[in-house]
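Be aware that the sequence shown starts at 1, since it is given in full-length UniProt numbering, and climbs by one per residue. Just so it is clear, CB atoms sit at the ideal spot from N, CA and C, and this is done for glycine as well.
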Amino acid sequence: MENHSMGKLQNRLQTLATTNRPPTTLTGHPPTHFSQGIYLACNLCRSEYSTGYFCSDCNYFIDKTCFSVPSMIQHMSHPQHPLKFTCYLVYQNENVNCPGCQDKFKRGSSRAYYCAPCKFIMSRQCAGAPKTLTLADNVSYELFFEFPFKHENAEIKCNICTKKVVTKDGM
């Protein structure tokens with residue numbers, strides 16, 4: 001009986017991974033807020049966090065960031081189609097890199113925004129990069145993104161002066 005339940009859970013997890021439904025009803029139980037001071041590996045991004053949402057019946061943990069990530073976005077770098085926040089299984093046979101950070105996706109990175117028809121992929125960090133920059137003078141400047149040609153790094157430029165915006169730690 002336990003193997004049957006485990007098989008049902010694995011099927012449900014596979015469905016979650018391929019359809020990206022929020023895990024609020026993973027196996028019929030809503031997850032509870034988790035903040036115990038110990039670190040758990042997020043079942044979606046594989047990173048370790050001390051806060052998030054946990055289902056004790058399923059032993060399933062998802063960190064707060066992954067829980068709140070939109071399942072689908074329209075991004076200015078790929079206006080042709082919406083990008084779906086997708087698990088590694090969907091694009092594992094593709095040879096794709098994020099055009100912004102040049103991250104090469106593999107099992108460890110597990111989730112990214114992906115357009116299947118175009119085989120376009122974008123890391124969660126690049127997809128969430130700021131669209132405005134507020135300086136010390138409290139003036140906000142609109143930024144636009146220029147994704148690179150092959151083997152170049154992405155640039156973020158100011159829409160007013162067109163100078164490159166210097167970023168730290170990837171954004």
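On the three-state DSSP scale, how would you describe residue i?
i	result
threonine 65	helix
glutamine 125	helix
cysteine 58	coil
alanine 41	strand
threonine 51	strand
lysine 164	strand
phenylalanine 149	With a pLDDT of 44 at phenylalanine 149, under the threshold of 50, the modelled position of this residue cannot be trusted, and the question is left open.
asparagine 97	strand
serine 71	coil
serine 140	strand
histidine 81	coil
cysteine 118	coil
arginine 111	strand
glutamine 102	coil
leucine 133	strand
Between the options, which lies nearest to residue i when the distance is taken from Cα to Cα?
i	options	result
lysine 119	Thr51, Thr32 and Pro99	Pro99
cysteine 126	Lys163, Tyr114 and Gln80	Tyr114
cysteine 45	Thr132, Asp57, Cys66 and Ser123	Cys66
For residue i versus residue j, is the C-beta distance shorter than 8 Å?
i	j	result
serine 121	alanine 129	The residue asked about is misnamed: residue 121 is isoleucine in this sequence, not serine. No, they are not a contact pair.
serine 77	threonine 51	no
phenylalanine 54	threonine 32	yes
histidine 81	proline 117	yes
Quick check on the burial criterion: 16 or more other C-beta atoms within 10 angstroms. Buried or exposed for residue i?
i	result
glycine 37	exposed
tyrosine 39	exposed
aspartate 63	buried
cysteine 161	exposed
serine 123	buried
tyrosine 141	exposed
threonine 134	exposed
proline 30	exposed
asparagine 43	buried
valine 69	buried
threonine 86	buried
Can residue i be considered in contact with the ligand ATP, in the sense that its beta carbon sits closer than 7 Å to one or more heavy atoms?
i	result
glutamine 80	For the ligand ATP, the structure offers nothing, since it holds no ligand at all.
Check whether chain C comes within 8 Å of residue i, counting only Cβ atoms and requiring the distance to be less than that.
i	result
serine 77	Absent from the structure: chain C. Only one protein chain is present.
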